[in-house]
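Trainee: 195 is the number that the working numbering gives the last residue of the sequence shown; the numbers go up by one with no jumps. Backbone N, C-alpha and C fix where the C-beta goes; we use that ideal spot for every residue, glycine too. Given the structure is predicted, the values throughout are model-derived calculations rather than measurements.
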Amino acid sequence: MIVIPKIIAVFRKRREYGRPRFLVPWRRIIVLAEDYAAQALSSTRAWYRISKGDSGLNIMDRDRNHAATANGESYLEVLPNTRATHADKFTAGINFMNEPGKMAVLSYNIHFQTAGDYLVWVRAFSTGAEDNGLHVGINGTWPESGQRIQLCRANTNGRGHPLNKYRKTIADTRRRFESAFPTLAFTQSRFL
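Here you go:
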């Protein structure tokens, strides 16, 4: 299965003091992608926060700045972006990683107060047919249910797709996770 090189995450939540630590009392949480606690395995590709007014990073980013249409006028983008279309060269370990936890890993501190099943919903903006995949893990593991999540329909018009146009597609990206312990969970999300 193809996993795609770039996701622009757009959850918005006002940031409070210091590093974010999210409390999950009712099995529902909204995490702003930009509020990650740590980034690892970023020597080949890394996540960058893009804001409105940024003229662009001097890293391979083939598309324009999308902050004006992002919720909160900022987003994360993994760069370099060398595979956005089917015509672009496919290079395993560089612009594609089928195995989770090996490249461009973001971690979030989330405290699950109760054990149980949790659904992960991701909102993303895709600018191309090969711009829409990620892996999600929990407590340093990468369950099959969180691997190779593809979020958006293939782009055929060259402009990308607004989120509200594909609510059904976004809703279909829910994945089930089980938190076996009602203790502090260090959740890792790996986006390609």
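Of the residues ALA43, LEU79, THR88 and PHE128, which one's Cα is nearest the Cα of ALA36?
Mentor: Comparing Cα-Cα distances from ALA36 to each of ALA43, LEU79, THR88 and PHE128, the minimum goes to LEU79.
Trainee: Starting from LEU77, follow the beta strand (DSSP E) in both directions and report where the run begins and ends.
Mentor: Checking the displayed sequence, the identity of residue 77 turns out to be Ser instead of Leu. Segment 77-82, the beta strand (DSSP E) holding SER77.
Trainee: Could you spell out where the beta strand (DSSP E) holding GLY136 opens and where it closes?
Mentor: Looking at the DSSP string, the run of the beta strand (DSSP E) that includes GLY136 is 136-139.
Trainee: Specify the secondary structure class of ASN112 as computed by DSSP and reduced to three states.
Mentor: DSSP places ASN112 in strand when its eight states are reduced to three.
Trainee: Using DSSP bridges, identify the partner residues of ALA49.
Mentor: Per DSSP, LEU82.
Trainee: ALA95 by DSSP, collapsed to three states: which one?
Mentor: Strand.
Trainee: Whose CA, out of VAL81, MET63 and LYS55, lies closest to the CA of HIS69?
Mentor: For the residues VAL81, MET63 and LYS55, the minimum Cα distance to HIS69 belongs to LYS55.
Trainee: Between the beta-carbon of ARG52 and the beta-carbon of MET106, is there less than 9 Å?
Mentor: No, these two residues do not count as a Cβ contact at 9 Å.
Trainee: Among ALA71, PHE99 and VAL125, which has the Cα closest to the Cα of LEU82?
Mentor: Nearest of ALA71, PHE99 and VAL125 to LEU82, Cα basis: PHE99.
Trainee: Taking DSSP's pairing of strands, which residues face GLN153 in a bridge?
Mentor: Per DSSP, GLY136.
Trainee: Using the rule of at least 16 other Cβ atoms within 10 Å of the residue's Cβ for burial, across every protein chain shown, is ASP57 buried or exposed?
Mentor: That one is exposed.
Trainee: I need the DSSP call for THR144, collapsed to helix, strand or coil.
Mentor: Here THR144 sits in strand by DSSP.
Trainee: For ALA41, report the span of its beta strand (DSSP E) as first-last.
Mentor: Taken as a continuous stretch (DSSP letters only), the beta strand (DSSP E) holding ALA41 covers 41-43.
Trainee: Round the Cβ separation of GLY104 and GLY140 to the nearest angstrom and send it over; I've been treating them as touching at under 8 Å.
Mentor: So it is a contact: roughly 6 Å between Cβ atoms.
Trainee: Going straight from the alpha carbon of GLN153 to that of LEU137, what length do you get?
Mentor: If I take the Cα positions, the gap works out to 7 Å.
Trainee: Just the Cα atoms here: how many angstroms apart are VAL125 and THR72?
Mentor: Distance between the alpha carbons of VAL125 and THR72 is about 17 Å.
Trainee: Just the C-alpha distance for ASP64 and THR144, rounded to the nearest angstrom, thanks.
Mentor: Near 30 Å, if we compare the C-alpha coordinates of THR144 and ASP64.
Trainee: Please go through the same chain and pick out, in chain order, the residues whose beta-carbon is closer than 6 Å to the beta-carbon of GLN150, but skip the five residues on each side of it.
Mentor: PRO103 and HIS138.
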